[in-house]
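Throughout, my numbering is defined as the position within the sequence shown, counted from one, plus 3.
Encoded as structure tokens, the structure appears first; notes follow it.
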Amino acid sequence: MTDEYLPFTRPLIDEATIAGVAEVLRSGWITSGPKVREFEALLSAYFGGRPVRTLNSGTAPMEIGLAMLGVGRGDEVITTPISWVATSNVIVRAGATPVFVDIDPATRNIDLELIEAAITPRTRAIIPVDLAGLPVDRTRLYEIAHAQRLRVIEDAAQSMGASWRGARIGAIGDLVSISFQANKNMTTCEGGCLVLNDAEEARQCELWRLQGVERFPNGELDATLPGGKYNLTDVAARIGIGQLERLAEFTLRRRELAQRYFERFDPALGCELPPRDFTNSNWHMFQVLLPPRVERASFIREMHAAGIGVGVHYPAIHLLTLYRRMGCQPGDYPHAERVGRSIVSLPLFPAMSAADVDRVCATSARIIRQLV
Numbered sequence: 004m005t006d007e008y009l010p011f012t013r014p015l016i017d018e019a020t021i022a023g024v025a026e027v028l029r030s031g032w033i034t035s036g037p038k039v040r041e042f043e044a045l046l047s048a049y050f051g052g053r054p055v056r057t058l059n060s061g062t063a064p065m066e067i068g069l070a071m072l073g074v075g076r077g078d079e080v081i082t083t084p085i086s087w088v089a090t091s092n093v094i095v096r097a098g099a100t101p102v103f104v105d106i107d108p109a110t111r112n113i114d115l116e117l118i119e120a121a122i123t124p125r126t127r128a129i130i131p132v133d134l135a136g137l138p139v140d141r142t143r144l145y146e147i148a149h150a151q152r153l154r155v156i157e158d159a160a161q162s163m164g165a166s167w168r169g170a171r172i173g174a175i176g177d178l179v180s181i182s183f184q185a186n187k188n189m190t191t192c193e194g195g196c197l198v199l200n201d202a203e204e205a206r207q208c209e210l211w212r213l214q215g216v217e218r219f220p221n222g223e224l225d226a227t228l229p230g231g232k233y234n235l236t237d238v239a240a241r242i243g244i245g246q247l248e249r250l251a252e253f254t255l256r257r258r259e260l261a262q263r264y265f266e267r268f269d270p271a272l273g274c275e276l277p278p279r280d281f282t283n284s285n286w287h288m289f290q291v292l293l294p295p296r297v298e299r300a301s302f303i304r305e306m307h308a309a310g311i312g313v314g315v316h317y318p319a320i321h322l323l324t325l326y327r328r329m330g331c332q333p334g335d336y337p338h339a340e341r342v343g344r345s346i347v348s349l350p351l352f353p354a355m356s357a358a359d360v361d362r363v364c365a366t367s368a369r370i371i372r373q374l375v
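As structure tokens, then:
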């Protein structure tokens, strides 16, 4: 008997949300409209009253954030080499240069103690990433940013529902970019939001997200900047409303499943488990580093054959062709390279059962012992 295939993630969308989407479709208003405004109001309340503007991807908030800061040709932006490539691609697309800083091998997030050495007169901003939903130390991050007079665009794509010292990620800090992509802790299928500091920044974000156009009561309009097409639809917003209502429940369940992984994963296998953070992390992913002698491709193939999905989040960005062409080389960021070679994301999503975790742990142990 073959067990049902277990993906590494799966969104949980309830029947009330599905019915709500049907209502939006029947309403005839399916692009940005009343549901987007409702969703943004709910997000603003969630983030302690800060202004929030929704967007059609998790990349768009960083793109618009850089545009709002005026980052462009000749500028530098500091970031991590372990992230989805969008984090650095947006810097390149803005005409600026990404400056990578190696990761802390314990947290797998950017090593904050290496940032100051990477700052030059051309540095304009820092884009840190909360890998797997584990927040970067916000206290230390903003000590550096304020001392160096740098803006921060937090790539909090993975940390919706996480916190730092009791404050929700997004409720504190500078510009905060969040993703609602399909595999995130809450989803709008595709989408994201940018959390802003004040009404003027919110207005600027609105201009950047829709062609720079401002409409007037007399029917005329003006375009004051070269914006793009980044607006979220009401269909997506209605999904987000339903997801936000259950975010606390989702986060609690993820923490319970992560705890089960720690209880059941065999320490004798030689894998490196993630930091045990059950206070700040939202447990977006449960990531382990495979032992050096275990070939990752073989592990993934055997897990798939056993009916279990495994993800890779992420290979080191600076070793990708685009960034090698820009001068990056193997050996530049050794901690990131080691993590990028061996990291795997095991299944973790709210609909999983404790038995699912046990199955993943038992299967992983069997395969790793075979491959060593």
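Built from N, CA and C at the ideal position, the CB exists for glycine as well.
The structure displayed is predicted, hence computed values, not measured ones.
By the Cβ neighbour-count rule, Met-329 is exposed, with fewer than 16 other Cβ atoms within 10 Å of its own.
Comparing alpha-carbon positions, the option among Ala-148, Val-342, Ser-60 and Ala-308 lying closest to Asp-6 turns out to be Ala-308. In the DSSP assignment, Phe-265 falls within the unbroken alpha helix (DSSP H) covering 250-267. The Cβ atoms of Pro-278 and Thr-110 lie closer than 7 Å to each other.
Where Asp-359 is concerned, the enclosing alpha helix (DSSP H) starts and stops at 357-374. Secondary-structure assignment with DSSP links Leu-72 through no beta bridge to anything.
Here DSSP, grouped into helix, strand and coil, assigns Cys-192 to coil. In its chain, beyond the 5 residues on either side, Leu-58, Asn-59, Ala-63 and Arg-212 have a beta carbon closer than 6 Å to the beta carbon of Tyr-233.
Between the beta-carbon of Gly-195 and that of Ser-182 there is about 5 Å, and that keeps the pair under the 8 Å contact cut.
When only Cα atoms are considered, Ile-106 and Pro-353 end up about 29 Å apart.
With a 10 Å radius around the Cβ and a threshold of 16 neighbouring Cβ atoms, Arg-257 comes out buried.
Look at Ile-85 here: in three-state DSSP terms it is coil, with no helix or strand label.
Non-local beta-carbon contacts of Ile-346 in its own chain, meaning distances under 6 Å to residues more than five positions away in sequence, involve Gln-290 and Leu-292 in chain order. Counting along the chain, the unbroken beta strand (DSSP E) around Phe-289 starts and ends at 289-292. Per DSSP, the beta-bridge partners of Trp-167 are Ala-170.
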